[in-house]
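Numbering (my numbering), first residue to last: 332 to 552.
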């Protein structure tokens, strides 16, 4: 059993999931912005996430990039239930505003992007485990803990965190390297995750564990 944050985020068995850092969810002119959502908190979060990524790469922590593909020419992935919800609540997204089209600006990464040797998992629903190979990728690497980052806190990041917990991964949910379109929605997710699905921690708390790890190893030897 992994009881402390330091135990959970050991580079040997943790991975960072970077969820949906795509133009449609983050950028002005992207689908969420055109839908009327405020992307300010997302844009403010990006430098913190970029720094976490830099430190993680130096600590040899695997990064797994999650990206969406929703609208396509034939719209293979948009079921009638999805479209009904969009028509009722989404102010044009998925219907008149295409979302995360493949090989287009709106589906491309925003500000941060994977290195050539880093895994990209493509999903078509909120949860990154839904009908993808994410679980296989993580178990093949011996991953026990997922560190949740990206957007949107209360939608795809939270859904993926719940799925991870139900698959018996330890969940560490970054409170400052996730973001959504209102502070209230962000805070509500953090409260719910900490109560039922994982441990909430800041990027500084997580990276401090990696920086302390070499010292612990020297002490043992």
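The beta-carbon is built from N, C-alpha and C at its ideal position, and this holds for glycine as well.
Can you have a look at residue i and say buried or exposed, based on whether 16 or more other CB atoms are within 10 angstroms of its CB?
{"i": "residue 398", "result": "buried"}
{"i": "residue 332", "result": "exposed"}
{"i": "residue 458", "result": "buried"}
{"i": "residue 429", "result": "buried"}
{"i": "residue 410", "result": "exposed"}
{"i": "residue 375", "result": "exposed"}
{"i": "residue 467", "result": "exposed"}
Pick helix, strand or coil for residue i, following the three-state DSSP scheme.
{"i": "residue 533", "result": "coil"}
{"i": "residue 348", "result": "strand"}
{"i": "residue 551", "result": "Caution is warranted here: a pLDDT of 40 is assigned to residue 551, below 50, making its placement in the model unreliable, and the coordinate value is therefore given only provisionally. In the structure shown, residue 551 sits in a helix (DSSP, three-state: H, G or I)."}
{"i": "residue 508", "result": "strand"}
{"i": "residue 356", "result": "helix"}
{"i": "residue 496", "result": "helix"}
{"i": "residue 459", "result": "coil"}
{"i": "residue 433", "result": "coil"}
For the ligand GDP, any of its heavy atoms closer than 6 Å to the Cβ of residue i?
{"i": "residue 400", "result": "Within the structure as shown, the ligand GDP is missing, as the structure has no ligands at all."}
Name the one or two DSSP bridge partners that residue i has.
{"i": "residue 398", "result": "453"}
{"i": "residue 476", "result": "345 and 501"}
{"i": "residue 481", "result": "350 and 509"}
{"i": "residue 440", "result": "353"}
{"i": "residue 424", "result": "428"}
Give me, in chain order, the residues of the same chain whose beta-carbon lies closer than 7 Å to that of residue i; leave out the 5 immediate sequence neighbours on both sides.
{"i": "residue 451", "result": "396, 398 and 445"}
{"i": "residue 390", "result": "342 and 541"}
{"i": "residue 531", "result": "504, 506, 521, 524 and 525"}
{"i": "residue 417", "result": "424, 425 and 426"}
On the premise that residue j lies in contact with residue i, defined as a C-beta separation below 8 Å, what is that separation, rounded to the nearest angstrom?
{"i": "residue 508", "j": "residue 383", "result": "5 Å"}
{"i": "residue 476", "j": "residue 443", "result": "Contact flag wrong, Cβ pair sits at about 21 Å."}
{"i": "residue 393", "j": "residue 472", "result": "6 Å"}
{"i": "residue 422", "j": "residue 481", "result": "Not quite, the Cβ-Cβ distance comes to about 22 Å (not below 8 Å), so this is no contact."}
Once you ignore the five residues that flank residue i on each side, which residues in its own chain have a CB closer than 8 Å to its CB?
{"i": "residue 484", "result": "509, 510, 511, 516, 517, 520 and 521"}
Does the CB of residue i have a neighbour CB from chain D at under 7 Å?
{"i": "residue 455", "result": "Chain labels in this structure do not include chain D; a single protein chain is all it has."}
Please go through the same chain and pick out, in chain order, the residues whose beta-carbon is closer than 6 Å to the beta-carbon of residue i, but skip the five residues on each side of it.
{"i": "residue 547", "result": "Because residue 547 sits at a pLDDT of 48, beneath the cut-off of 50, its placement in the model cannot be relied upon, and the following sentence gives the value as read from the coordinates. If we look at residue 547 and ignore the five residues flanking it on each side, it has no Cβ neighbours."}
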